[in-house]
Every structure is written in structure tokens, then in C-alpha cells.
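See structure below.
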Amino acid sequence: MNTKLLIKYPVQETVLFSDSLTVHYSLSNSYDVNLYGIRFVLDGDQEFTDTSFSGTYTLTSLTEGKHVLSAYLIDKKLKKIQNTDLVINFNIFDSRLDVENKLTYVLKSTIPNFVKEDYENFVIFIKAYY
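Letter by letter, the sequence shown follows residues 0 to 129 in numbering that gives the first Met the number 0.
Given below as C-alpha cells:
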């Protein structure tokens, strides 16, 4: 079995201003008859399986802070396919930029004033651009 998993997004240390993450991925050979799906593991304890092979999978209700997303391929017996592991570290920041929240306070102090003044439109622009 030579199918390989490639995570296109997020890249290492991505910073998100949302409580959801859409993982973009590709497979080198999605026609492998033994391939059942992709197992995503969030922070070592929450497991999600994508069997659609659509190229995207969305995780929702993410909490603020640092997260680790692991991914690997599984076969039809729901067993891990060896040598297909990927690990991505990413960060979630509360999009409200609440000064009471320590993580967003650090972020707020580094964002230019023009972004702070119209943050909601900035987020819409970034989402549309990417």
C-alpha cells in the first residue's frame, strides 16, 4: 500500500481566529481498495474519521489555546496504516479580542490599529482571500 496523506492546511504553527478549523488534505492514491478513511486525533483524545475523501474535513467548537492535530490513514478493518502519520500544531485565538483573556491580550497588543478598529471586516477579508 503506497497511499500517502498530505495535509495542505493548516501548516505548522497556524494561528486561527475562529473556533473551527477546516483541514485541507490530499491523498497520493485514493483508489486503494484497502483504504477506509482518515483518522484525525485532536489533542490526543478526540477522534474523528473522514471517509468521504473530499479533500476537506472541518473540526468545530475548538477552544482557545494550543492544539495538536494528528492524522493517519486507516484500512477497512479500522486499523492504522503504518507510516502515514502526520502531526500539526496550531493555535486558536478568541476572535473577540477580549482584553480580560490573557492570550488575546498578547495578540491584541501586536495587531495594528487599523485591524483592531475594523476587526470583523478584516476577518471576512482574510477568509475570502484564502
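Even glycine gets a Cβ: it sits at the ideal position worked out from N, Cα and C.
Outcome for residue i when other beta-carbon atoms lying within 10 angstroms are tallied against a minimum of 16
i, result
"L5", "exposed"
"L77", "exposed"
"F124", "exposed"
"V22", "buried"
"Y128", "exposed"
Residue i, enclosing beta strand (DSSP E) - first and last residue
i, result
"D74", "G64 to D74"
"Q81", "From DSSP, Q81 is part of no beta strand (DSSP E); its letter is neither H nor E."
"V22", "L20 to L26"
"V14", "T13 to L15"
"G36", "L34 to L41"
"K7", "L4 to Y8"
"L58", "T55 to L58"
"T48", "Q45 to D49"
Simplified DSSP assignment, three categories, for residue i
i, result
"K126", "helix"
"F121", "helix"
"F52", "coil"
"F89", "strand"
Integer Cβ distance of residue i from residue j, believed to fall under 8 Å
i, j, result
"E63", "F92", "6 Å"
"T83", "K3", "7 Å"
"N33", "K79", "In fact, because the Cβ distance is near 12 Å, the residues do not count as touching under 8 Å."
"L26", "F52", "7 Å"
Within 8 Å, do at least three Cβ pairs link the stretch 80-87 to the stretch 52-61? Not touching, per the Cβ criterion.
Between the stretch 32-45 and the stretch 66-77, do at least 3 Cβ pairs fall closer than 8 Å? Using a Cβ-Cβ distance cut-off of 8 Å, the stretch 32-45 and the stretch 66-77 are in contact, since at least three pairs of beta carbons, one from each stretch, lie closer than that value.
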